[in-house]
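Everything in the sequence shown is counted per the numbering used here, starting at 86 for the first residue and increasing by one.
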Amino acid sequence: QQRVIRQALAHARVAATDVDVVEAHGTGTALGDPIEAQALLATYGQGRPEDRPLWLGSVKSNIGHTQLAAGVAGVMKMVLAMRHGLLPRTLHVETPSSHVDWSAGAVELLTEAREWPRAEGRPRRAGVSSFGISGTNAHVILEEASADVTDMAEVSSAESLVEPLAEPSVVPWVLSARDGEALRGQAAALLGSVDAADAVGVGWSLLT
Numbered sequence: 086q087q088r089v090i091r092q093a094l095a096h097a098r099v100a101a102t103d104v105d106v107v108e109a110h111g112t113g114t115a116l117g118d119p120i121e122a123q124a125l126l127a128t129y130g131q132g133r134p135e136d137r138p139l140w141l142g143s144v145k146s147n148i149g150h151t152q153l154a155a156g157v158a159g160v161m162k163m164v165l166a167m168r169h170g171l172l173p174r175t176l177h178v179e180t181p182s183s184h185v186d187w188s189a190g191a192v193e194l195l196t197e198a199r200e201w202p203r204a205e206g207r208p209r210r211a212g213v214s215s216f217g218i219s220g221t222n223a224h225v226i227l228e229e230a231s232a233d234v235t236d237m238a239e240v241s242s243a244e245s246l247v248e249p250l251a252e253p254s255v256v257p258w259v260l261s262a263r264d265g266e267a268l269r270g271q272a273a274a275l276l277g278s279v280d281a282a283d284a285v286g287v288g289w290s291l292l293t
């Protein structure tokens, strides 16, 4: 686990001290959690400023074990945390595990929600860990988009700035069936039950 974390940091070209928070896999076991915590203490917990510990949480405390979607749930949580500038509280961790030597590094549990301001001169960054039953370990570094990119995204999504598309002269309605007879039946049923005036909407619904 230490090795995969260091590889992720090297690929992202950032130092461990440039990452603010880690979304832990959090196996919830007496064996797995100490192994994960010790790896984080040995990698992220060293050489940090006194006022900037690594914050540690796990979404499983909120929604249970997500099995094969564990990594995806962690990524979603961290993206939303960046969007809102808030590190959510991890539930049921009022007492840190006694199986971990928490004095070995600057890592603190998110026992309460915390504001997540941008550090001067750098964006918010988070690590997300996910471990497979096969023994596969994954760790990814997430970095928020720059202010310029965020501003452009807000502009492009502003309804008042988007020009409406011209109505197409021909709209395909996509159908599928087992054979030709069934396909003709589908077409007949469609023509008898929809409003052709909404040709674009019907075409979109059939396609998606």
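Virtual Cβ for every residue (Gly too), placed ideally from N, Cα, C. All of these numbers come straight from a predicted model, not from anything done at the bench.
- Looking at the backbone, the Cα of Ala127 and that of Val256 are separated by about 59 Å.
- In the structure shown, the three-state DSSP call for Ile218 is coil.
- For Pro173, the number of other beta carbons within 10 angstroms of its own is at least 16, and it is reported as buried.
- CA-CA distance, Val164 to Glu229, rounds to 8 Å.
- Linking Leu227 to Ala93 through their CA atoms gives a straight-line distance of about 10 Å.
- Membership of Glu266 in the alpha helix (DSSP H) is indicated by the continuous run Gly265 to Ser278.
- Nearest neighbour of Arg98 by Cα position, chosen from Val157, Val225, Val178 and Leu260, turns out to be Val225.
- Residue pairing by DSSP places His224 opposite Ser214 in a beta bridge.
- The shortest C-alpha to C-alpha distance from Ile120 to any of Glu266, Phe216 and Gly270 is the one to Phe216.
- About 13 Å separates the beta carbon of Gly170 from that of Trp140, a gap too long to meet the 8 Å contact definition.
- For Val285, the number of other beta carbons within 10 angstroms of its own is below 16, and it is reported as exposed.
- Under the three-state reduction of DSSP output, Val178 falls in the coil class, being neither helix nor strand.
- Cβ contact annotation for Gly288 (same chain, cutoff 7 Å, sequence separation greater than five): Val256, Pro257 and Trp258, in chain order.
- Burial state of Thr175 is buried, judged by a 10 Å Cβ sphere holding 16 or more other Cβ atoms.
- By alpha-carbon distance to Gly113, the top candidate from Arg168, Asn222 and Ser182 is Ser182.
- At a Cβ-Cβ threshold of 8 Å, Gly142 and Val213 do not count as neighbours.
- Comparing alpha-carbon positions, the option among Pro138, Ser254, Val104 and Leu291 lying closest to Ala189 turns out to be Pro138.
- Across the set Gln152, Ala191 and Leu268, the C-alpha of Ala191 shows the shortest separation from the C-alpha of Arg133.
- For the set Leu275, Leu153, Pro253 and Glu252, the Cα lying nearest the Cα of Ser261 is the one of Leu275.
- Its chain contains Asp103 as the residues whose beta carbon lies nearer than 7 Å to that of Arg207, once the 5 sequence neighbours on both sides are disregarded; these appear in chain order.
- About 5 Å separates the CB atoms of Met167 and Arg209; that is less than 8 Å, so the two are in contact.
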